[in-house]
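For reference, the structure discussed in these notes is given below.
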Amino acid sequence: MVKKRLLNPLSAVRDFLDHGSDFGSGTQVPSRHLSEINDRFMRDFPDIRSGKAFIGLAMAAMKSAPKFGAVAIRMPVSKDDGEDENEAKAIERLFKAGKIIDPLVQSKKGMWGPLDPFTLVCFFPGKDRNICEAAAAQMRYDLSALGKEGVFIGVADYPRHGFLRGQVLDNARKALAEALMTGPGSIVTFNAVSLNVSGDELYEKGEVDWAVEEFKMALVMDPLNLNVINSLGVCHGVLGRHEEALAEFKRAIEIDPSQVMPIYNAGFVSACLGRHDQAFGYFRKAEEIGENVFEVSFQTGKLLLEMDNPEKAAEYFEKAADIRPENAPTAFFLGECRVAAGMIEEAEFCYKKAVKNNPNDALSLSALGHLYETSGKNLEIAEMFCRESVKLVPENGLFRHRLGRVYFKQKRFPQALAEFKKAGELGHDSRADIEKIKGAGRG
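My numbering numbers the first residue of the sequence shown as 5 and each following residue consecutively.
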């Protein structure tokens, strides 16, 4: 399945998280940084607390507020300096930012504090979303005095349907992550896209169950968000819940039939369910939209090969190869099509291209060895390819069987028998070849 994102969060969000700003989930900033932050801030702001201590004070202060907002401000990060020098400069810049925003926050009876060397958070008890957004805009303007690079701001508020009071900080983080993707000077109020960004990040980290929950909450906020629906379907598919995945992709297709990814994903899941005709129908629809999507051509070719139509499959693998000429699996499957058509020299060319693109392509190495063995072309080269494939994937029964056939033709019967037996243990039926050796009195 393919996950089509509305935005590409990875570089910005990972940079954000790498600097310890995942404050909503309790990530702790290194004590060295907190000590440096406290030393710098307490000279001018003796009541200010930082990091976890500030979060505790803030949440205690918001406990009785019927409504409140949080504004997270992320300072731009310079890549030019070393880590220690960069963080020292960041703390100094953060201090200057604190001095700039302090009058505004105090005028609204709010509170603020540093969370790490790059991030400030403000709380506004009794204030609604509109007031917090206006305060964020004013702070962005005031902070422009610090330099050309704009800050990133995330805004979240309570009450918000479906979210608890204690989730406001986490929601501000998610809005801030979206702002990081949007660009310097961005102000983002927590929304469905913020949850989608968070879900994408969880998905990339392998926390797919948590990603599902994020996408579900995003759909509570925006039920028709195609990107979120597709992402939820992908998660269900990865978790093996293919029927649920297919339902989400169908839902996305109903909302907008012109989008390739949900159609392709519906085809992919249908193939996983063994519904080949249905899968082919979806792949054809995706193709008809007119976009040259590698996955559509590649998976259509694989499906047709499974449906015993190698001639038609080859057409799709050729299209896939045009899109990604260096893709080794495409070259391998095109080689399989050539073998099925009796085009042995062309198959050899395809397998060699696959190995050139990926020297560790065990499938193509084994296929080359098998070609050389069956054609009688060169048993030494056949052995080399087959041995290498077994070395790369020793648990593959077919690879073991093919190596055994080479040994058999070389009259190395003990080695052949060992490989055939191992192939059998791994699930490949090598009984006929074992009997051949035993019948010849070689076993």
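Just so it is clear, CB atoms sit at the ideal spot from N, CA and C, and this is done for glycine as well. In this text, all values refer to a predicted model and were calculated from it rather than measured experimentally.
State buried or exposed for residue i, treating a residue as buried only when at least 16 other CB atoms are found within 10 Å of its CB.
| i | result |
| --- | --- |
| A141 | exposed |
| F27 | Any reading at F27 needs caution, since the residue's pLDDT is 39, under 50, leaving its predicted position unreliable; the model's value is listed next. Burial call: buried. |
| G166 | exposed |
| G431 | exposed |
| A345 | exposed |
| A74 | buried |
| N229 | buried |
| G60 | exposed |
| K426 | buried |
| R288 | exposed |
| K306 | buried |
| D161 | buried |
| N296 | exposed |
| M66 | buried |
| A366 | buried |
| M225 | buried |
| N382 | exposed |
| G102 | buried |
| Q185 | The question names Gln, but residue 185 in the sequence shown is Met. So M185 ends up on the buried side. |
| K415 | exposed |
| S39 | exposed |
| R47 | exposed |
| A64 | exposed |
Looking at residue i and the ligand HEM, is the gap between the Cβ and the nearest heavy atom below 7 Å?
| i | result |
| --- | --- |
| A196 | By its list of ligands, the structure shown contains no ligand whatsoever, and the ligand HEM lies outside what it can speak to. |
Is the distance from the Cβ of residue i to the Cβ of residue j below 8 Å?
| i | j | result |
| --- | --- | --- |
| F389 | G373 | yes |
| R435 | G428 | yes |
| V410 | F403 | no |
| F219 | L180 | no |
| G130 | A69 | yes |
| A139 | L108 | yes |
| F122 | R78 | yes |
| A325 | G339 | no |
| I95 | I41 | yes |
| G151 | G189 | no |
| A237 | E252 | Residue identity differs from the one stated: residue 237 is Gly in this sequence, not Ala. Yes, Cβ-Cβ distance for G237 and E252 is below 8 Å. |
| L277 | H246 | yes |
| S202 | K178 | yes |
| A76 | A176 | yes |
| F99 | M115 | no |
| A290 | A332 | no |
| H405 | E392 | no |
| V273 | V242 | no |
According to DSSP, which residues form a beta bridge with residue i?
| i | result |
| --- | --- |
| I77 | L124, I157 |
| P129 | F72 |
| M115 | F127 |
| R164 | F167 |
The beta strand (DSSP E) spanning residue i covers which residue range?
| i | result |
| --- | --- |
| I191 | 191 to 193 |
Identify which residue in the options has its Cα closest to the Cα of residue i.
| i | options | result |
| --- | --- | --- |
| P227 | L407, R133, F122, V197 | V197 |
| D433 | K415, N400, E218, S39 | N400 |
| G187 | P80, R133, A335, D132 | P80 |
| P118 | K131, D260, G55, P129 | G55 |
| S262 | E319, F122, G294, E182 | G294 |
| E349 | N364, A371, L236, L367 | A371 |
| E137 | Q171, G151, F72, A57 | F72 |
| I257 | A318, V394, V232, F424 | V232 |
| K395 | G170, E384, L407 | L407 |
| G380 | F412, Y355, V359 | F412 |
| R53 | L150, V125, G170 | V125 |
| N313 | V343, A335, K93 | V343 |
| A335 | E315, K316, K360, F128 | K360 |
| M265 | R279, L375, S301, E439 | S301 |
| R97 | D120, A386, K254 | D120 |
| H240 | F424, P329, V216 | V216 |
| L309 | A290, N331, D281 | D281 |
| A317 | I327, T304, R328 | T304 |
| C341 | N362, E319, Q414, P329 | E319 |
Provide the residue span of the alpha helix (DSSP H) that contains residue i, from first to last.
| i | result |
| --- | --- |
| K426 | 417 to 429 |
| A149 | Note, A149: premise wrong, no alpha helix (DSSP H); not H, not E. |
| D213 | 212 to 225 |
| L308 | 298 to 310 |
| K254 | 246 to 259 |
| K368 | The sequence given here places Ser at residue 368; Lys does not occur at that position. 366 to 379 is the extent of the alpha helix (DSSP H) around S368. |
| V410 | 401 to 413 |
| D326 | 314 to 327 |
| R505 | What the structure shows of the chain is the stretch from 5 to 447, and residue 505 is not part of that stretch, so it cannot be assessed. |
| K440 | 435 to 443 |
| A179 | 172 to 186 |
| D204 | 196 to 208 |
| I59 | 55 to 66 |
| I267 | 264 to 276 |
If we cut at 8 Å on Cβ distances, does residue i have a partner in chain B?
| i | result |
| --- | --- |
| I191 | Looking for chain B here will not work: only one protein chain is present. |
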